[in-house]
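With my numbering applied, the sequence shown closes on residue 461, and no number is skipped along the way.
The structure appears right after this line, and notes come after that.
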Amino acid sequence: MITAPPAGSVEPTLGNLSPKAAAALLRDHLHPTDVREFIRSSPAHLIALCAVLIIACLTSGAVTAAMVSDRQQALNGLLDQTEPFANSAQRLYSSLSIADAAAATAFISGGVEPQAVRDRYTQAIGEASAELAGGAAGTEDADAPARRLLSGVATQLPVYTGLVETARTNNRIGNPVGAAYLAEASNLMQTRMLPMAEALSKQQSAAVVKIQQQYVHAPWWAMSLVTLALILLILGQLYLARRWRRRINPGLVVATLAMAVLFAWIVASGWLSASATDRALDRGTKPLDQLTAGRIVAQQARSDETLKLVRRDTTGVYDTAFDADIQRLGSILTELGTSNGNVVDADSARDLWDQSHKRMNATLAAGDYDGASKVAIGPGAMDSMVQYSRLDDAMEVGIAQTRSSVRADVSHASKVLDVLSPGSLLLVAAAAVLVGVGLWPRLREYR
């Protein structure tokens, strides 16, 4: 017979027991046998299932949000900083090369150089100075390699312009020593300044390529975790259907749909972003580097051509350098292909320029220096100056268009990810809540 507790008695609880008694009570409730029985019980299975599904959903969402945010920040940084630094370094490199070619061209004209040639030299020096004062190095760290290269060019630029002005002064008064000063200035540019500018341009371009190469693939880790969460949700529903004979759990079904939406979203956005980044790399950054290199080679060939006349060289040194530059330029243009109209125009101008150069050499070999000079700097449609200018203009337009394409692709790669990060957090939070809502009624059955 069960007897009621004495009147006024209080049921033992942790709050009204001594520490020893409380410990004994806990041991009784946490007896290994009781714990094992609870672990094997249906409520424990439901709690474990609920925890696993919620953790899977939240983890996949957190990883997705973090990866997408990092990708978008890197692409935006590429647009706002890295790519402009690379463009600045490329402009510095080109401006220095243009200045050297223009300085040599001016000498062939005699005492009074054409205003257009003088303006081209002045503009090129001004643009180079602007890039030196701007962000071509991409860093304020004085010990950074890029900053040291930029400082080296900045230190040599006044020396170069001083030599050119001394050469011009002597040239105007008919002093032959002017040619020696010009040759010294060109040697300084070709052996010290341009190599430093080239190294800087390559460093900054490599930084652009490095970022792009990191994001030419979809965010596989995020996609894998979302896929895992989806699989677990489906398996959880199958487990519930088999164990409790409940074929449909509305909460888990809607949670699965939310994760399926996230999966489709991340696949579509990730693929579009990766494709745009890959397109910017293969059809933009790499051709841009080739176009820049081709333009520099053309400018160096022009310097070789004009310096031959300035120095009245008969050793063939400048001709050898010119021929090597023209061949290298042809190889670069061939690699770029014929799909770009600017490349086709540049290649056509290169062929005509090469023919004009041969005509200049033939005229010079006949003893007609003035005639050779006219071929080199004359306004005729088949003269070297016109074809070189045509080639340089085509390359400049090609560089500008390709850069615009690169920036458009990178911008698209970033914009398709605009709301994916917060959207993924919202969807996984909803999925986690729905998991709890779906399993709570089953747990209440065991109260």
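Every residue gets a Cβ at the ideal spot worked out from N, C-alpha and C, and that includes glycine.
In the structure shown, Val240 falls within a helical segment according to DSSP collapsed to helix, strand and coil. Proximity of the region 410 to 425 to the region 374 to 391 falls short of the contact definition, fewer than three beta-carbon pairs being nearer than 8 Å. The beta-carbon distance between Tyr229 and Ala88, rounded to whole angstroms, is 7 Å. This is short enough to meet the 8 Å contact definition.
Rounded to whole angstroms, Leu246 and Thr291 show a C-alpha spacing of 33 Å. When the alpha-carbon of Val449 is set against those of Gly265, Leu405, Tyr402 and Asp406, the nearest one is in Gly265. Note on geometry: alpha-carbon atoms of Thr205 and Ser111 lie some 12 Å from one another. If you look at Ala181, you'll find it in the alpha helix (DSSP H) that goes Pro159 to Arg186.
A residue is called buried when at least 16 other Cβ atoms come within 10 angstroms of its Cβ; Ser353 does not meet this threshold and is exposed. A contact between stretches requires three or more CB pairs, one per stretch, nearer than 8 Å, and the region 94 to 113 fails this requirement with the region 276 to 296. Judged by pairs of C-beta atoms under 8 Å, the region 298 to 312 does not touch the region 433 to 447, as fewer than three such pairs exist. The residue among Val433, Ser418 and Leu72 with its C-alpha nearest the C-alpha of Ala243 is Leu72.
Segment contact: the region 360 to 368 against the region 322 to 332, fewer than three CB-CB distances shorter than 8 Å; contact not assigned. Contact between Ala120 and Tyr135 holds, with the beta-carbon distance rounding to 7 Å and staying under 8 Å. Scanning its chain for C-beta atoms nearer than 7 Å, with the 5 sequence neighbours on each side dropped, one finds around Gly394 the residues Val400, in chain order. When DSSP assignments are scanned along the region 269 to 329, the uninterrupted stretches of alpha helix (DSSP H) that are 4 or more residues long and fall wholly within it turn out to be 300 to 325. In this structure, the CA atom of Gly381 is about 27 Å from the CA atom of Gln341. In the structure shown, Ser143 falls within a helical segment according to DSSP collapsed to helix, strand and coil. CA-to-CA, the gap between Ala199 and Lys216 works out to about 24 Å. A direct Cα-to-Cα measurement between Ala379 and Ala118 gives close to 21 Å.
Boundaries of the alpha helix (DSSP H) harbouring Asn201: Val191 to Leu202, taken from the DSSP string. Thr175 is positioned such that its CB atom lies closer than 8 Å to that of Ile139. Closest option to Ala103, judged by alpha-carbon separation, among Lys372, Ser317 and Ala160: Ala160. Using a Cβ distance threshold of 8 Å, Ala211 and Thr78 do not count as a contacting pair.
In the structure shown, Ser123 adopts coil according to DSSP, grouped into three states.
Under the three-state reduction of DSSP output, Leu266 falls in the helix class. CA-CA distance, Ala315 to Asp337, rounds to 8 Å. In this structure, Gly412 lies away from Val358, with their beta-carbon atoms at least 8 Å apart. Proximity to Ala197 across Leu453, Asp406 and Thr320 peaks at Thr320, based on C-alpha coordinates. In the DSSP assignment, Gly392 falls outside any alpha helix (DSSP H) and carries neither an H nor an E. Going by DSSP, Met207 is part of no alpha helix (DSSP H) at all; its letter is neither H nor E. Shown here for Leu63: same chain residues with a beta carbon closer than 6 Å to its own, the five before and five after excluded, namely Gly250 in chain order. Along the length of the region 373 to 410, whole beta strand (DSSP E) runs at least 3 residues long do not occur. When DSSP states are grouped into helix, strand and coil, Val66 belongs to the helix group. Ile61 and Arg259 have their alpha carbons spaced roughly 18 Å apart. Using a 10 angstroms sphere on the CB of Gly192, the tally of other CB atoms reaches 16 or more, which defines it as buried. Looking at Ala443, Arg417 and Trp454, the one whose alpha-carbon comes closest to that of Glu97 is Arg417.
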